[in-house]
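Chemist: Pasting in a structure now, in structure tokens, and then I'll have a few things to ask.
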Amino acid sequence: MTAIQHIPERAPFNYADLIEYREGQITSLALVRSKGVNMTILAFDDEQLLPTHQTPGPALVQILDGTAYFTVGNEEVNLPQGKTLLIPAGVPHSVIAQERFKMLVTSILPLD
Numbered sequence: 523m524t525a526i527q528h529i530p531e532r533a534p535f536n537y538a539d540l541i542e543y544r545e546g547q548i549t550s551l552a553l554v555r556s557k558g559v560n561m562t563i564l565a566f567d568d569e570q571l572l573p574t575h576q577t578p579g580p581a582l583v584q585i586l587d588g589t590a591y592f593t594v595g596n597e598e599v600n601l602p603q604g605k606t607l608l609i610p611a612g613v614p615h616s617v618i619a620q621e622r623f624k625m626l627v628t629s630i631l632p633l634d
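If you're matching positions, the sequence shown starts at 523 in the working numbering and goes up one per residue.
The structure is reproduced here in structure tokens:
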């Protein structure tokens, strides 16, 4: 079963408007939770770090506001607003906010 939350029905919306920045924090808002896909919006205040981690499935990251700085494997990626990045399953990656930014993460989950 798919659970969709925090998204207005039958009304246009902007993903970036669904979440607010909080000083000194990374905030998240789950939009879709299902057996095969999760969609989450994150808002990073400047100087925030999401440490190196891996995901069991691929993830599509879309920058909604600002610019994000990723390390994916051994590569550094500067990702400005409007750009999208595919992070393959199992590849170590981290994110740092040198300025505030918001991103939509669509995670594809393995079906066992």
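Built from N, CA and C at the ideal position, the CB exists for glycine as well. If you're wondering where the values come from, they're calculated on a predicted model, not measured in any experiment.
Counting beta carbon pairs with one atom in the segment 552-563 and one in the segment 600-610, are three or more of them shorter than 8 Å?
Modeler: no
Chemist: Pull up the distance between the alpha-carbon of residue 577 and that of residue 614, whole angstroms please.
Modeler: Residue 577 and residue 614 have their C-alpha atoms some 8 Å from each other.
Chemist: Are residue 626 and residue 584 closer than 8 Å when you measure CB to CB?
Modeler: yes
Chemist: Can you tell me the Cβ-Cβ gap for residue 619 and residue 568, rounded? I've got them flagged as a contact below 8 Å.
Modeler: With a Cβ gap of about 5 Å, residue 619 and residue 568 count as contacting.
Chemist: Taking C-alpha atoms, which residue in 631, 550 and 554 lies nearest to residue 572?
Modeler: 550
Chemist: Sorted by chain position, which residues of the same chain lie with C-beta nearer than 6 Å to residue 566's C-beta, five sequence neighbours on each side aside?
Modeler: Excluding sequence neighbours, residue 566 sits near 548, 619 and 623.
Chemist: What does the Cβ neighbour count give for residue 564, buried or exposed, with the cut at 16 atoms within 10 Å?
Modeler: buried
Chemist: Pull the bridge partners of residue 628 from the DSSP assignment, please.
Modeler: 561 and 582
Chemist: Shortest alpha-carbon distance to residue 632 belongs to which of 544, 579 and 606?
Modeler: 579
Chemist: In the DSSP assignment, the beta strand (DSSP E) including residue 549 goes from what residue to what residue?
Modeler: 548-555
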